[in-house]
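A.B. asks: Provided herewith is a single structure, encoded as C-alpha cells, for subsequent inquiry.
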Amino acid sequence: MELIINGNRKYVEPEYNTVSKLLESLSLGQKTVIVEHNQQILQKEEHPHITLADKDILEIVHFVGGG
Numbered sequence: 004m005e006l007i008i009n010g011n012r013k014y015v016e017p018e019y020n021t022v023s024k025l026l027e028s029l030s031l032g033q034k035t036v037i038v039e040h041n042q043q044i045l046q047k048e049e050h051p052h053i054t055l056a057d058k059d060i061l062e063i064v065h066f067v068g069g070g
C-alpha cells in the first residue's frame, strides 16, 4: 500500500492498515504524536479505528524534548 507520509511516498505492508499499526511500525506507538489523516486531525482514541487505504495522506508530528 502506498501512503504519503509527511510529503513523502512510503510503501507499507497491508498489515499496517490502521493508524495505530502504522505508528507502531514507525516506532512512534508509545510517543506523543499528532496525526492528520486526509486533512482531518485525529484524536489518539481514534487511531486504532481509522483504516488506511492506498494513497492516503498523513502528516505525523511528534515532539522532541531538549534544552
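Each residue of the sequence shown is one higher than the one before, starting from 4 at the first, in the numbering used here. Virtual Cβ for every residue (Gly too), placed ideally from N, Cα, C.
Applying the 10 Å Cβ sphere with the 16-neighbour rule, what's the burial state of H40?
C.D. replies: buried
A.B. asks: In the structure shown, what three-state DSSP assignment does V15 receive?
C.D. replies: coil
A.B. asks: What is the residue span of the alpha helix (DSSP H) that L25 lies within?
C.D. replies: Start and end: V22 to S28.
A.B. asks: Report the option in K13, V67, E18 and Q33 whose CA atom is closest to the CA atom of K47.
C.D. replies: Q33
A.B. asks: Identify which residue in S28, T35 and P17 has its Cα closest to the Cα of G68.
C.D. replies: If we check each option's Cα against that of G68, T35 comes out closest.
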